[in-house]
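Chemist: One structure, as structure tokens, below. Some questions next.
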Amino acid sequence: MKVTISDVARLAGVSTATVSHTLNNTRYVSGETKEKVYRAVAELGYTPDASARSFRTGKKKTVGFIVPDISNKFFATMIESVENYLSAHGYHLIIANTKEDPDREETNIRLLTAGLVDGLLVASTMEDFDRFDALIPAGFPVVLVDRTFEAKKYSSICVSNFQPIYRSVCRLSGKGAKRVGIIGGLPRLSSTKERVSAYREAVADCGLAREESLIRYGDSMENSAQACLDELLEQSCDAVIVCQGLMASETIFYLQEKGIRLAKDIDLVSFVDYDSNFYQLYADQMDCIVQPVEELGRAAGEQILKRIEKPDAPVFEKVLTSAYRPYDVPGAK
């Protein structure tokens, strides 16, 4: 037989209203009483009826998160950070995976905004803002994550990598590099555009080779870095910047397979998108640009809940900054 809220109230020695206020945080309840309620909930294995609560409050206590690649550890780490924050505030998270396909993104937006969730986090793979905008119901709480549009109609949380990339190119030039290549993600994405823009500006300022062929684009998915790297190596690049963690790890493995030594035969600047001991193995052989992915996830969770509570609040834009960590050159003072 299903455990009811009345069963919890009876065991805790309180009213059903007190149990409801405790679980939904809708009225002050003393710490002692809360403890009794939570103890009764745990003992009975009570699960609140989410559909009934949604009917009463008008909220589902659920947020959707549309991501381009759930297998990518950058997004997996971000998802975990978002979910931890939302769970601590009584919300659930639904994940939709687009695989960098705008049509899949459109389908998922239509599905999630049709009454399944209270708000939506989106790491969009679309380039066409008008297409994206037309899919969002008027007044629906949305926060863009990691990727943004030039039109600032929706609130956003992103990371700026302009300065870290600019500094990395200048450092490579100072070490004697002449031909610095870069492997970016999909060229339509705002994050890719910023990174390539920083590269172009730094290359020009440092007097390095300014050739469009030194700019290669992967798709930020698995197995997209090797072809780009081959093209850069054929052009005698002596340094490479890889603008995404998954592609960077593939680059390291591929260079090893080809017998090309980091910091000796080629200089590498690697994006670090998630916490991994793997990068520690090469910390003394390459420069790293470390993205604050967990902070990005927490900020996204915080801002979507604020948006749900106040859908008409002014649009905000929060920009975090990656950390540039150059390795120590042996023998340098």
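Residue numbering for the sequence shown follows this note's numbering, starting at 3 and increasing by one per position. No residue lacks a Cβ here, since even glycine has one placed at the ideal position from N, Cα and C.
With DSSP collapsed to three states, give me the class of Ser215.
Modeler: The residue given as residue 215 occupies position 213 in the sequence shown. Three-state result, Ser215: helix.
Chemist: Rounded to whole angstroms, how far is the Cβ of Leu123 from the Cβ of Val84, which I believe are closer than 8 Å?
Modeler: Against the sequence shown, residue 123 aligns to sequence position 121. Against the sequence shown, residue 84 aligns to sequence position 82. Contact holds; Cβ gap of about 7 Å.
Chemist: Starting from the Cα of Thr150, find the closest Cα among Ile184, Lys195, Gly66 and Gly141 and give me that residue.
Modeler: By 1-based counting over the sequence shown, the position of residue 150 is 148. Of the listed residues, the one whose Cα sits closest to Thr150 is Lys195.
Chemist: Please go through the same chain and pick out, in chain order, the residues whose beta-carbon is closer than 8 Å to the beta-carbon of Asp330, but skip the five residues on each side of it.
Modeler: Residue 330 sits at position 328 when you count from the first residue of the sequence shown. The answer, listed in chain order, is Asp286.
Chemist: What's the gap between the Cα of Cys245 and the Cα of Lys177?
Modeler: Taking the first residue of the sequence shown as 1, we reach residue 245 at position 243. Taking the first residue of the sequence shown as 1, we reach residue 177 at position 175. Rounded to the nearest whole angstrom, the CA to CA distance from Cys245 to Lys177 is 20 Å.
Chemist: Ends of the beta strand (DSSP E) at Ala183?
Modeler: Along the sequence shown, read from residue 1 onward, the residue named residue 183 stands at position 181. First, the amino acid is wrong: residue 183 is Gly here, not Ala. Unbroken beta strand (DSSP E) run through Gly183: Val182 to Gly186.
Chemist: So, is Gly186 buried or exposed, given that buried needs 16 or more other C-beta atoms within 10 angstroms?
Modeler: Taking the sequence shown and counting its residues from 1, the one referred to as residue 186 is at position 184. By the neighbour-count rule (16 or more Cβ atoms within 10 Å), Gly186 is buried.
Chemist: Would you mind reading off the limits of the beta strand (DSSP E) that contains Tyr329?
Modeler: Residue numbering aside, residue 329 sits at position 327 when the sequence shown is read from its first letter. First-last for Tyr329: undefined, no H or E at that position.
Chemist: Determine whether the beta carbon atoms of Asp289 and Ser170 lie at a separation below 8 Å.
Modeler: Taking the first residue of the sequence shown as position 1, residue 289 is located at position 287. Taking the first residue of the sequence shown as position 1, residue 170 is located at position 168. Note that the C-beta distance between Asp289 and Ser170 is below 8 Å.
Chemist: Mapping the DSSP letters down to three states, classify Asp289 as helix, strand or coil.
Modeler: One-based indexing of the sequence shown puts residue 289 at position 287. The answer is strand: DSSP assigns Asp289 an E or B state.
Chemist: With 16 other CB atoms within 10 Å as the buried threshold, where does Leu283 fall?
Modeler: On the sequence shown, residue 283 is found 281 positions in, with the first residue counted as 1. Here Leu283 is exposed. Its C-beta has fewer than 16 other C-beta atoms within 10 Å.
Chemist: If you check the beta carbons only, do Leu188 and Asp135 fall under 8 Å apart?
Modeler: Taking the first residue of the sequence shown as 1, we reach residue 188 at position 186. Taking the first residue of the sequence shown as 1, we reach residue 135 at position 133. The answer is no: Cβ separation not under 8 Å.
Chemist: So, for Ser8: in the same chain, excluding its five sequence neighbours on each side, which residues have a beta-carbon less than 7 Å away from its beta-carbon?
Modeler: Reading the sequence shown from its first residue, position 6 is the one you call residue 8. So the list reads Thr18, once near-sequence residues are dropped.
Chemist: Alpha carbon to alpha carbon, what distance is there between Gln165 and Glu297?
Modeler: The sequence position of residue 297 within the sequence shown is 295, counting from 1. The sequence position of residue 165 within the sequence shown is 163, counting from 1. Going by the C-alpha atoms only, they are around 19 Å apart.
Chemist: Quick check on the DSSP output: what are the complete alpha helix (DSSP H) runs of length 4 or more inside the segment 50-106, in order along the chain?
Modeler: 52-59 and 75-90
Chemist: Going by DSSP, what residues sit across from Cys160 in a beta bridge?
Modeler: Here residue 160 is taken as the residue at index 158 of the sequence shown, counted from 1. Cys160 pairs with Val321.
Chemist: In this structure, what does DSSP give as the bridge partners for Leu122?
Modeler: If you number the sequence shown from 1, residue 122 lands on position 120. Partner(s): Gly66 and Val144.
Chemist: State buried or exposed for Phe67, treating a residue as buried only when at least 16 other CB atoms are found within 10 Å of its CB.
Modeler: As a first step, residue 67 is located in the sequence shown; it is residue number 65 there, counting from the start. Buried is the call here.
Chemist: Could you give the distance in angstroms between the alpha-carbon of Val31 and the alpha-carbon of Val292?
Modeler: Indexing the sequence shown from 1 puts residue 31 at position 29. Indexing the sequence shown from 1 puts residue 292 at position 290. About 43 Å.
Chemist: Hey, would you say Glu152 sits closer than 8 Å to Thr127, going by beta carbons?
Modeler: Counting from one through the sequence shown, the residue named residue 152 turns up at place 150. Counting from one through the sequence shown, the residue named residue 127 turns up at place 125. Contact: no.
Chemist: Going straight from the alpha carbon of Gly247 to that of Thr323, what length do you get?
Modeler: In the sequence shown, residue 247 corresponds to position 245, counting from 1. In the sequence shown, residue 323 corresponds to position 321, counting from 1. One C-alpha to the other measures close to 16 Å.
Chemist: Could you check how far apart the C-beta atoms of Gly121 and Val65 are, in whole angstroms? I think they sit under 8 Å.
Modeler: As a working note, residue 121 is residue 119 in the sequence shown. As a working note, residue 65 is residue 63 in the sequence shown. About 5 Å separates the two Cβ atoms, so the contact holds.
Chemist: Given Asp269, which residues of its chain have a CB within under 8 Å of its CB, disregarding the five upstream and five downstream residues?
Modeler: Here residue 269 refers to the residue found at position 267 of the sequence shown. Excluding sequence neighbours, Asp269 sits near Leu174, Lys177, Ala179, Asp240, Ala241, Val242, Met288 and Asp289.
Chemist: In this structure, does DSSP put Leu137 in helix, strand or coil?
Modeler: The count along the sequence shown starts at 1 and reaches residue 137 at position 135. In this structure, Leu137 counts as helix in the three-state DSSP scheme.
Chemist: Does the Cβ-Cβ distance between Leu235 and Val182 come in under 8 Å?
Modeler: Residue mapping note: residue 235 aligns to position 233 of the sequence shown, counting from 1. Residue mapping note: residue 182 aligns to position 180 of the sequence shown, counting from 1. The answer is no: Cβ separation not under 8 Å.
Chemist: Comparing C-alpha positions only, which one of Ala14, Val69, Ser22 and Thr28 sits nearest to Ala42?
Modeler: The sequence position of residue 42 within the sequence shown is 40, counting from 1. If we check each option's Cα against that of Ala42, Ala14 comes out closest.
Chemist: From Ile310 to Gly117, what distance separates their C-alpha atoms?
Modeler: For this step, residue 310 is matched to residue 308 along the sequence shown. For this step, residue 117 is matched to residue 115 along the sequence shown. If I take the Cα positions, the gap works out to 14 Å.
Chemist: For the candidate residues Asp267, Ala265 and Phe273, whose alpha-carbon lies nearest to that of Ala250?
Modeler: In the sequence shown, the residue the question calls residue 250 occupies position 248. Ranking the options by Cα distance to Ala250, first place goes to Phe273.
Chemist: Nearest to Glu45 by CA position, among Asn74, Arg12 and Val295, is which residue?
Modeler: Stepping through the sequence shown from its first residue, residue 45 is reached at position 43. Nearest of Asn74, Arg12 and Val295 to Glu45, Cα basis: Arg12.
Chemist: Which residues share a DSSP beta bridge with Val274?
Modeler: Within the sequence shown, residue 274 is the residue found at index 272, counting from 1. Looking at the DSSP assignment, Val274 forms a beta bridge with Val292.
Chemist: If I'm right that Val16 touches Thr35 with Cβ under 8 Å, what's the distance once you round it to whole angstroms?
Modeler: Position 14 of the sequence shown, counted from the first residue, corresponds to residue 16. Position 33 of the sequence shown, counted from the first residue, corresponds to residue 35. Going by Cβ atoms, the distance from Val16 to Thr35 rounds to 6 Å, so yes, they are a contact pair.
Chemist: For Asp269, list the residues DSSP reports as bridge partners.
Modeler: Mapped onto the sequence shown, residue 269 falls at position 267. Answer is Ala241.
Chemist: Pull up the distance between the alpha-carbon of Asp105 and that of Glu129, whole angstroms please.
Modeler: For the purposes of this step, residue 105 is taken as the residue at position 103 of the sequence shown. For the purposes of this step, residue 129 is taken as the residue at position 127 of the sequence shown. Those two C-alpha atoms are separated by around 12 Å.
Chemist: By a C-beta neighbour count over all protein chains shown, 10 Å radius and 16 as the cutoff for buried, is Ser22 buried or exposed?
Modeler: Within the sequence shown, numbered from 1, the residue matching residue 22 stands at position 20. Ser22 comes out buried.
Chemist: Does the Cβ of Lys266 have 16 or more other Cβ atoms within 10 Å, making it buried, or fewer, making it exposed?
Modeler: Counting from 1 along the sequence shown, the entry for residue 266 is found at position 264. Exposed.
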